[in-house]
Amino acid sequence: MENTIGIIAGSLRKDSFSKKIANAILKMQPTGFTFEVIALDDLPVYNQDFDDHNSVPDSYTEFRKKIKEMEGIIFITPEHNRSIPAVLKNAIDIGSRPAGKSVWNDKPAAVFSNSPGNLSAFGANHHLRQCLVFLNMPTMQQPEVYIPNASKLFNDQGDFNESSEKDFIQNAVTSYVKWFNRLKKE
Ligand code: FNR
């Protein structure tokens with residue numbers, strides 16, 4: 001049976017480097033796995049009143065259903081002010097509610113962080129990991145995936161400029177898949 005893995009890029013920007021990385025990972029889908037990019041564009045800011053007063057936006061319902069269908073999640077996070085972008089936190093919050101009905105629960109996750117500079121969004125990477133602890137998402141520890149110089153990764157066709165950078169991300173995806181399979185057997 002196919003394992004469905006959601007790829008979530010924490011950016012709305014049309015030319016987002018995180019989205020480009022997500023699309024590159026789609027092409028790395030191994031046999032037995034279906035990778036799917038899950039967009040965050042239509043999600044209004046979380047308001048608990050929606051859940052408490054029966055006025056849940058359709059986009060929340062669709063997003064929660066989509067995450068529920070996934071067996072694992074790869075997060076591609078950029079960094080905003082040394083943390084995760086609000087759009088990614090918003091999506092996490094939406095999926096985590098109503099209380100006791102989180103759609104994230106128990107899904108094996110990986111965190112890939114990136115930035116146009118050298119620090120590779122280390123702060124965002126670890127803030128995201130803090131959320132994943134609470135959400136009970138087992139998260140791949142190694143390899144850690146810090147992607148620097150994100151603006152230089154791809155050419156205009158969306159192909160990697162350097163094979164070493166492609167190999168680095170491919171290795172991270174392969175490691176995630178192996179770790180996912182190991183967890184599944186337990
Ligand atoms: C940034 N950026 C940024 N970069 C970084 O490495 N560390 C940071 O703390 C921040 N902070 C930050 C705050 C805000 C509000 C914005 C808009 C941007 C720059 C960021 O890395 C850059 O915009 C990336 O291109 C964002 O990722 P996407 O949209 O390309 O995926």
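Note that full-length UniProt numbering has the sequence shown beginning at 1, numbered continuously upward.
From the three backbone atoms N, C-alpha and C, an ideal C-beta is built for every residue, glycine too.
| Query | Result |
| --- | --- |
| Do SER175 and ILE147 have their beta-carbon atoms positioned less than 7 Å apart in this structure? | no |
| The alpha helix (DSSP H) spanning ASN125 covers which residue range? | 122 to 134 |
| THR77 and GLY6: beta carbons closer than 7 Å? | no |
| Considering only the beta carbon of each residue, do residue 193 and SER83 sit closer than 7 Å? | In this structure the chain extends from 1 to 186, so residue 193 is not present and cannot be described. |
| How would you label PRO85, buried or exposed, when you count the other beta carbons within 10 angstroms and need 16 or more for buried? | buried |
| Grab the span of the beta strand (DSSP E) containing VAL145 for me, first residue to last. | 145 to 147 |
| Is VAL173 closer than 7 Å to MET70 when the C-beta atoms are compared? | no |
| Can you list every residue whose CB sits closer than 6 Å to some heavy atom of ligand 1, going in chain order? | SER11, ARG13, SER16, PHE17, SER18, PRO78, GLU79, HIS80, ASN81, ARG82, SER115, PRO116, GLY117, LEU119, ALA121 |
| Which same chain residues end up closer than 8 Å to ASN33 when comparing Cβ atoms and leaving out the 5 residues on each side of it in sequence? | First, the residue type needs correcting, since residue 33 is Phe and not Asn in the sequence shown. The answer, listed in chain order, is GLU2, ASN3, THR4, ILE5, VAL177. |
| Got a sec? Which residues, its chain only, sit under 6 Å from PRO138 by beta carbon, not counting five neighbours each side? | PRO108 |
| Using only alpha-carbon positions, find the residue among ALA22, MET140, LYS68, PHE35 that is nearest to SER96. | LYS68 |
| Classify PHE134: buried if its beta carbon has 16 or more other beta carbons within 10 angstroms, exposed otherwise. | exposed |
| Counting Cβ pairs closer than 8 Å, one from the region 151 to 169 and one from the region 47 to 65, do we hit at least three? | no |
| Indicate whether PRO116 and SER163 have their beta-carbon atoms separated by less than 7 Å. | no |
| Taking the alpha carbon of ASN136 as the point to measure from, which residue in VAL145, LEU26, GLY100, GLY123 has its own alpha carbon closest? | GLY100 |
| Quick check on DSSP: helix, strand or coil for SER83? | strand |
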